[in-house]
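In this note's numbering, the protein residues as written are 33 to 273.
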């Protein structure tokens, strides 16, 4: 499949114009070397020039970046790549989302907190599986779901804090969730020993149809005791966690 996007040509032309603007004036017409341009003035000129890039070019460029990356890209990084402000990047993302929403597009623009990602429209899945195997989803056992629920609601949380709630060793469950890319290390707790902190990932949001962890429902206090009882039952029945 040819992924060439004609939108890259105009962006290259703008980049070449930036290069010309940065080097122009270093040599006089007689070939004599002159003082370089003031750095601040050069940066301001480049910013002004980038600000003149039409919206449709920026929309195409954003689409190309997201398509090539394949994963969610933060708005800050997109703003740097497009050389525009984060505010304008939000506007361009809105234009791209509107274009994808049309019936002629097979893509949808998803928002995950401060990042966005292109993906195929769910209703078109039947066409995709005709030429590719349906992706295998990780099997989440009750043990894994309990551990994931605790991490999701209590994050950032240490391994020991998870185990205190469940009442049993949770090394295997946490490692399994990390391998499924549903949980990741997010730092270390500032206490003696500096234990690892765990939190959910963007894949977690995608898997459960969320845009932000703020959309998680309020946890029920009674569930903590249920987690303890189920964990104790695991141990008593000899289940391997």
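Glycine included, C-beta positions come from ideal geometry on N, C-alpha and C.
If the five residues before and after residue 118 are omitted, its C-beta is found closer than 7 Å to the C-beta atoms of 107, 108 and 111, all from its own chain and listed in chain order.
Going by DSSP, residue 235 is part of the alpha helix (DSSP H) stretching over 234-239. The beta-carbon separation of residue 216 and residue 223, rounded to 20 Å, does not stay under the 8 Å limit for a contact. Less than 8 Å divides the Cβ of residue 191 from the Cβ of residue 202.
For the pair residue 200 and residue 179, the CB atoms are not nearer than the 8 Å cut-off. DSSP places residue 138 in the coil class of the three-state scheme, outside both helix and strand.
When C-alpha distances from residue 84 are compared across 116, 243, 92 and 104, the shortest belongs to 116. Taken atom to atom, the span from the alpha-carbon of residue 114 to that of residue 219 is near 30 Å.
Pairing residue 93 with residue 174, the inter-Cα distance amounts to about 43 Å. Apart from the 5 residues on each side of it in sequence, residue 205 sits with its Cβ closer than 7 Å to the Cβ of 175, 176, 179 and 273 in its chain, given in chain order. When 226, 187 and 197 are compared, the shortest CA-CA separation from residue 233 is found for 187. In the three-state DSSP reduction, residue 230 falls in the strand class (E or B).
In the displayed model, residue 103 falls within coil according to three-state DSSP, outside both helix and strand. Within the same chain, 132, 151 and 153 come within 7 Å of residue 140 by CB-CB distance, once the 5 residues on both sides are set aside. DSSP places residue 121 in no beta strand (DSSP E) but in the uninterrupted alpha helix (DSSP H) bounded by 118-132. Annotated as distal: residue 138 and residue 127, with beta-carbon spacing of 8 Å or more.
Per the coordinates, the alpha-carbon of residue 104 lies some 32 Å from the alpha-carbon of residue 197. DSSP places residue 147 within a strand segment (E or B) once states are collapsed to three. In the DSSP assignment, residue 220 falls within the unbroken beta strand (DSSP E) covering 215-220.
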